[in-house]
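Numbering (this note's numbering), first residue to last: 4 to 256.
Positions of the beta carbon are idealized from the N, C-alpha and C atoms, including for glycine.
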DNA sequence: ATGGTTGTTCCACAA
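Rendered as structure tokens:
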């Protein structure tokens, strides 16, 4: 089984890239973030033509998440239960016996800002809900754009902003891991300076001036079955790319 | 020190 995650920064604009990527990698589940479209405008037909169904929680202009799958997605949950939020950032579903939780974590803008406080509140609510969700689903994958680089290896040495690498954000990431989740990427030896996001500006991709902020976290049952985790930089090299690369895990299931 | 880019939109705002 293959599970992947990709912040596409507008599904409308990135649809050709997504269709190509699905054809090449044939994931069983793909979590998408920042689809930036309302439910009525979701390109369900184009995806169905290449063999994928979708569950989604769309929003105009900002945010929006989806899970694409070849098998039927069941027990769909939209948003964090009990956490009122206008912003569409979470969708969860069970696919082929695996609970896939897809999240677009808040950016946080700048440490100490109002948006940063929202990020921390959101992380707290997500963590509380995940505790129950993991207890109910031993095979669970938390995928998405976390907007957190977990440790020093995950940020370019010249990264100077506090946001994405601050102590409170990293502490929140470790609290999620402490629920019993494993960073799939670090189960394997990886190239140094492996990143999943590069700013559009200042030739950041060319200089590999990036961060690893897109993650797949796995419960122990899935971590034991995990045989590979890779960041696919290929779509980032295309014309009109997303600023994020997809992350893909292989599971011996 | 500033500005550099992209997407959606009413041209500013979020990333």
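**Message:** Among the candidates 241, 25, 235 and 15, whose CA atom is the shortest distance from the CA of residue 215?
**Reply:** Comparing alpha-carbon positions, the option among 241, 25, 235 and 15 lying closest to residue 215 turns out to be 235.
**Request:** Could you spell out where the beta strand (DSSP E) holding residue 60 opens and where it closes?
**Result:** 56-60
**Message:** DSSP three-state label for residue 151, please.
**Reply:** It is coil, neither helix nor strand.
**Asked** If we call anything under 8 angstroms between Cβ atoms a contact, is residue 22 one with residue 49?
**Response** In this structure, residue 22 places its C-beta atom within 8 angstroms of the C-beta atom of residue 49.
**Asked** Taking the alpha-carbon positions, what's the residue 84 to residue 20 distance?
**Response** The alpha-carbon atoms of residue 84 and residue 20 are separated by roughly 32 angstroms.
**Request:** Tell me, please, whether the segment 153-172 touches the segment 222-238 by the rule of three or more beta-carbon pairs shorter than 8 angstroms.
**Result:** no
**Message:** Taking the alpha helix (DSSP H) that residue 181 belongs to, which residues open and close that run?
**Reply:** Counting along the chain, residue 181 falls outside any alpha helix (DSSP H), and DSSP gives it neither H nor E.
**Prompt:** What is the DSSP secondary structure of residue 218, counted as helix, strand or coil?
**Reply:** strand
**Asked** Quick one: what's got a C-beta closer than 6 angstroms to residue 17's C-beta in the same chain, skipping five residues either side?
**Response** Only residues of its own chain outside the window of five on either side were considered, and among them 11 and 245 have a CB closer than 6 angstroms to the CB of residue 17, listed in chain order.
**Asked** Along the chain, which unbroken stretches of the beta strand (DSSP E) at least 3 residues long are found entirely within the segment 64-123?
**Response** 68-72, 77-81, 93-98 and 101-107
**Request:** Could you pull the start and end residues of the beta strand (DSSP E) that residue 251 belongs to?
**Result:** 250-254
**Item:** Residue(s) in a DSSP beta bridge with residue 167
**Value:** Partner(s): none; residue 167 has no beta bridge.
**Message:** Relative to the C-alpha of residue 147, which candidate in 207, 32 and 154 has its C-alpha closest?
**Reply:** 32
**Message:** If contact is defined by three or more beta carbon pairs under 8 angstroms, each pair taking one atom from either stretch, is the segment 194-214 in contact with the segment 148-167?
**Reply:** Contact check between the segment 148-167 and the segment 194-214: three or more CB pairs, one atom from each, fall below 8 angstroms, which counts as touching.
**Prompt:** Are residue 77 and residue 141 closer than 8 angstroms when you measure CB to CB?
**Reply:** no
**Request:** Can you check DSSP and say which residues form a bridge with residue 229?
**Result:** 254
**Request:** Drop a sphere of 10 angstroms on the beta-carbon of residue 157, count the other beta-carbons inside from all chains shown, and report buried for 16 or more, exposed for fewer.
**Result:** buried
**Request:** Starting from the Cα of residue 105, find the closest Cα among 222, 114, 121 and 9 and give me that residue.
**Result:** 9
**Prompt:** Secondary structure at residue 44, three-state DSSP: helix, strand or coil?
**Reply:** helix
**Message:** If the criterion is Cβ atoms closer than 8 angstroms, does the pair residue 13 and residue 37 meet it?
**Reply:** yes
**Prompt:** Thinking C-beta only, is residue 66 closer than 8 angstroms to residue 92?
**Reply:** yes
**Request:** Express the C-alpha separation of residue 60 and residue 256 in angstroms, rounding to a whole number.
**Result:** One C-alpha to the other measures close to 28 angstroms.
**Prompt:** How would you write the range of the alpha helix (DSSP H) that residue 26 sits in, first residue to last?
**Reply:** 14-28
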